[in-house]
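A.B. asks: Per our numbering: the sequence shown = residues 924 to 1071.
Built from N, CA and C at the ideal position, the CB exists for glycine as well.
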Amino acid sequence: MPGPDASLPELVLRRLAISEQVAAAKFEAGRPVDDPVREQRELARVRTLAREIGLDPDLAARFLSDQILASKQVQRRLFAHWTAHPGDLPEGGPDLSVLRAELDGLTVALLDRLTVSGSAAMGPPESPDELKEPLRTAFRSLPQRGTC
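1) Using only CA atoms, which one of 1057, 1058, 1040, 1062 lies nearest to residue 929?
2) Could you say if the segment 995-1008 and the segment 943-963 meet the contact criterion of at least three C-beta pairs nearer than 8 angstroms?
3) Can you tell me whether DSSP reads residue 1028 as helix, strand or coil?
4) Closer than 8 angstroms is the cut-off here; do at least three beta carbon pairs connect the segment 931-948 with the segment 967-981?
5) Could you say if the segment 977-995 and the segment 1023-1034 meet the contact criterion of at least three C-beta pairs nearer than 8 angstroms?
6) From this set, 1064, 1065, 1063, 1054, which residue's C-alpha is nearest residue 938's C-alpha?
7) Among 971, 993, 1010, 953, which one has its Cα closest to the Cα of residue 1057?
8) Work out the CA separation of residue 974 and residue 990 for me, nearest whole Å.
9) Looking at the structure shown, is residue 988 part of a helix, part of a strand, or coil, going by DSSP?
10) Using the Cβ count rule (16 or more neighbours within 10 Å means buried), how would you classify residue 1044?
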């Protein structure tokens, strides 16, 4: 996990890296990418956390919703790849519950960093082509600067 001084883009990149492991765990277990019950629970939790730290709950929920959508973009790309190339599926990754606990911790770090960043314009960091669309999605609710 990135350190306490990690930038918002670094935290978002870490979340997307975990999304790849989440995809593998879901694919191996035959679970779908979408988990609307967990998503709604996390959005409600983020609103509560945002209020506690003085962050606009609507901004926090939009931002997390964008993180979830970006994660699902990564997961869908990998599901399609592994369906076509099953031999490329990584073996023996962490359990989904372990990954979700890490994501929960990252969510808190993201909200903290978002509180510090305020309304400062930022855009997606440089990235490999396969992450450009998810990163645009992850940053779309924030004031923009530059492009990836």
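C.D. replies: Let me lay it out:
1) Walking along the sequence shown from the start, residue 929 turns up at place 6. Taking only the C-alpha atoms, the option nearest residue 929 is 1040.
2) With a cut-off of 8 angstroms, the segment 943-963 and the segment 995-1008 count as touching, because enough Cβ pairs lie within range.
3) As a first step, residue 1028 is located in the sequence shown; it is residue number 105 there, counting from the start. Of the three classes helix, strand and coil, the one that applies to residue 1028 here is helix, per DSSP.
4) In short, these stretches do not touch, since the Cβ pair count stays below three.
5) yes
6) For this step, residue 938 is matched to residue 15 along the sequence shown. Checked all of 1064, 1065, 1063, 1054; the closest Cα to residue 938 is 1054.
7) Start at 1 with the first residue of the sequence shown, and residue 1057 comes out as number 134. Residue 1057 has its Cα closest to that of 993, out of 971, 993, 1010, 953.
8) In the sequence shown, the residue the question calls residue 990 occupies position 67. In the sequence shown, the residue the question calls residue 974 occupies position 51. Rounded to whole angstroms, residue 990 to residue 974 spans 19 angstroms at the Cα level.
9) For this step, residue 988 is matched to residue 65 along the sequence shown. The answer is helix: DSSP assigns residue 988 an H, G or I state.
10) Walking along the sequence shown from the start, residue 1044 turns up at place 121. Note that residue 1044 scores 45 on pLDDT, short of 50, meaning its location in the model is unreliable and no value can be drawn from it.
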